[in-house]
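Undergrad: Starting off with a structure, shown below.
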Amino acid sequence: RSDPQIIGFSNAHIYRSGLNLSEDQAKNYRLQQEAGVHMVQVSGASQRQSGGSRSWFNETEAKKAVEKAASIYEENRGLEIGIVTPYRAQLDLIKEMLQETGMLEGIKSGTADTYQGDERDIMIFSPVISSGMAPGSINWVEKPHNRINVAVTRARHSLYVIGDINFCVSNCSGILQKLAIYCRAINKMREANSPGELELHKLLTLQGYNPEIHYFINNDMEVDFFIKSDTGVKLAIEVDGS
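Anchor point for the sequence shown: position 43 equals 1313 in the numbering used here, and the numbering is continuous, going up by one each time.
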């Protein structure tokens, strides 16, 4: 159901390349948003909710997620848009902000458990994790993998990961770190304004490959993609133009 760039991450890191991917579904959309994975770096701070639940929230991140959702909603009326987050306190804050903007009915929000068996045209994932969060809480988000997997794979057309991506790369050690690295790599291709790279990456993903993106060989020469086969064969790929 998902764009290959979205499901490609889970296929590589969760399903061990066991899925048969198709790009037919993605062709049915005519949107202003590009298909695939997008990231928005937000350097907020994680805080623990007072009281009994002691859940975590990140106000700066929640605000950015709601702003992005509202913007997409206004540009693409009729599409199903959702926001997903691991923490109940963050969900409560997001719902409060959606209520204030009049978007509570138009944009669904929930935890990963809420979205089991559900999907949206466009999903926004708010991981909450940033400076101030306890290591044990970070581990809770990353284990089991299903929590992140559900959050990622609910998106059909576009997935926006909005959070402290840089913090997740440096301070996480499991599936969320892998997702953050993946998001940064995809974002690097977008910033390079290289549609050829993005398209080839999608085609490689459809064939079950999991290429390293902007890979450094011997810490010296950077190539667009790098693939190492099970037999040890190494392939470097440079994309020059369409």
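Where is the CB? At the ideal position from N, CA and C, for every residue including glycine. None of these values were measured; they are calculated from a predicted model.
1) Count the other CB atoms within 10 Å of the CB of Tyr1430; is the residue buried (16 or more) or exposed (fewer)?
2) Excluding the 5 residues flanking Thr1381 on each side, which residues of the same chain have their C-beta closer than 8 Å to its C-beta?
3) If you follow the beta strand (DSSP E) that Tyr1430 is part of, which residue opens it and which one closes it?
4) With 16 as the cutoff for other CB atoms within 10 Å, does Tyr1385 come out buried or exposed?
5) Counting only the same chain and skipping the five closest in sequence on each side, list residues whose C-beta sits under 6 Å from that of Ala1506.
6) Just reading off the beta strand (DSSP E) that Ser1407 is part of, what are its end residues?
7) I'd like to check one pair, Ala1335 with Ser1401: are the Cβ atoms closer than 7 Å?
8) State buried or exposed for Met1513, treating a residue as buried only when at least 16 other CB atoms are found within 10 Å of its CB.
9) Would you call Leu1473 buried or exposed, if buried means 16 or more other Cβ atoms sit within 10 Å of its Cβ?
10) Can you give the Cα-Cα distance for Ser1428 and Gly1348, rounded to whole angstroms?
11) Please report the straight-line C-alpha distance between Val1310 and Val1503, rounded to a whole angstrom.
12) Compute the distance between the beta-carbons of Leu1363 and Phe1327, then report whether it is under 7 Å.
13) Quick check on the burial criterion: 16 or more other C-beta atoms within 10 angstroms. Buried or exposed for Ala1296?
14) Just curious, the alpha helix (DSSP H) that Ile1284 is in, first and last residue?
15) Please list the segments of the alpha helix (DSSP H) lying wholly inside the segment 1310 to 1386, counting only runs of 4 or more residues, in order along the chain.
16) Mind the definition here: the segment 1417 to 1427 touches the segment 1458 to 1477 only if three or more C-beta pairs lie below 8 Å; say whether that holds.
17) Let me know if Arg1324 comes out buried or exposed under the rule of 16 or more other beta-carbons within 10 Å of its beta-carbon.
18) With a CB to CB cut of under 6 Å and the five nearest residues on each side skipped, what residues in its chain are close to Lys1378?
19) Helix, strand or coil for Ala1462 per DSSP?
20) Phe1395 bridges to which residues according to DSSP?
21) Start and end of the beta strand (DSSP E) containing Glu1304?
TA: Let's see:
1) For this step, residue 1430 is matched to residue 160 along the sequence shown. Burial is judged here by how many other beta carbons sit within 10 angstroms of a residue's own beta carbon; Tyr1430 has at least 16 and is buried.
2) The residue you call residue 1381 lines up with position 111 of the sequence shown. Result list for Thr1381: Val1354, Thr1355, Pro1356, Tyr1357, Arg1358, Leu1361, in chain order.
3) Stepping through the sequence shown from its first residue, residue 1430 is reached at position 160. Start and end: 1425 to 1433.
4) Translated into positions along the sequence shown, residue 1385 becomes position 115. Counting Cβ neighbours within 10 Å, Tyr1385 comes out buried, since at least 16 surround it.
5) In the sequence shown, residue 1506 corresponds to position 236, counting from 1. Non-local beta-carbon contacts of Ala1506 in its own chain, meaning distances under 6 Å to residues more than five positions away in sequence, involve Val1493, Phe1496 in chain order.
6) On the sequence shown, position 137 is the one that residue 1407 refers to. Element bounds for Ser1407: not the beta strand (DSSP E) but the alpha helix (DSSP H), 1405 to 1412.
7) The residue given as residue 1401 occupies position 131 in the sequence shown. The residue given as residue 1335 occupies position 65 in the sequence shown. Taking 7 Å as the Cβ cut-off, Ser1401 and Ala1335 do not qualify as a contacting pair.
8) In this structure the chain extends from 1271 to 1512, so residue 1513 is not present and cannot be described.
9) By one-based count along the sequence shown, residue 1473 stands at place 203. With fewer than 16 other Cβ atoms within 10 Å, it is exposed.
10) One-based indexing of the sequence shown puts residue 1428 at position 158. One-based indexing of the sequence shown puts residue 1348 at position 78. Ser1428 and Gly1348: Cα-Cα distance of roughly 15 Å.
11) Residue numbering aside, residue 1310 sits at position 40 when the sequence shown is read from its first letter. Residue numbering aside, residue 1503 sits at position 233 when the sequence shown is read from its first letter. Taking the straight line joining both Cα atoms gives about 35 Å.
12) As a working mapping, residue 1363 is identified with position 93 in the sequence shown. As a working mapping, residue 1327 is identified with position 57 in the sequence shown. Their beta carbons are under 7 Å apart, which means Leu1363 touches Phe1327 by this criterion.
13) By 1-based counting over the sequence shown, the position of residue 1296 is 26. Because the pLDDT at Ala1296 is just 48, under 50, the model does not fix this residue reliably, and the point stays unresolved.
14) Against the sequence shown, residue 1284 aligns to sequence position 14. Note, Ile1284: premise wrong, no alpha helix (DSSP H); not H, not E.
15) Scanning the segment 1310 to 1386 for uninterrupted alpha helix (DSSP H) segments of 4 residues or longer gives 1329 to 1345, 1358 to 1371, listed from N- to C-terminal end.
16) Counting Cβ pairs under 8 Å, fewer than three are found: no touch.
17) Locating residue 1324 in the sequence shown gives position 54, counting from the first residue. It is exposed - the Cβ of Arg1324 has fewer than 16 other Cβ atoms within 10 Å.
18) In the sequence shown, counting from the first residue as 1, residue 1378 sits at position 108. So the qualifying residues of the chain are Gly1352.
19) By one-based count along the sequence shown, residue 1462 stands at place 192. In the structure shown, Ala1462 sits in coil (DSSP, three-state: anything other than H, G, I, E or B).
20) Within the sequence shown, residue 1395 is the residue found at index 125, counting from 1. Its beta-bridge partners are Val1354, Val1431.
21) As a first step, residue 1304 must be located in the sequence shown, where it is residue number 34. Segment: none, Glu1304 is in no beta strand (DSSP E) and carries neither H nor E.
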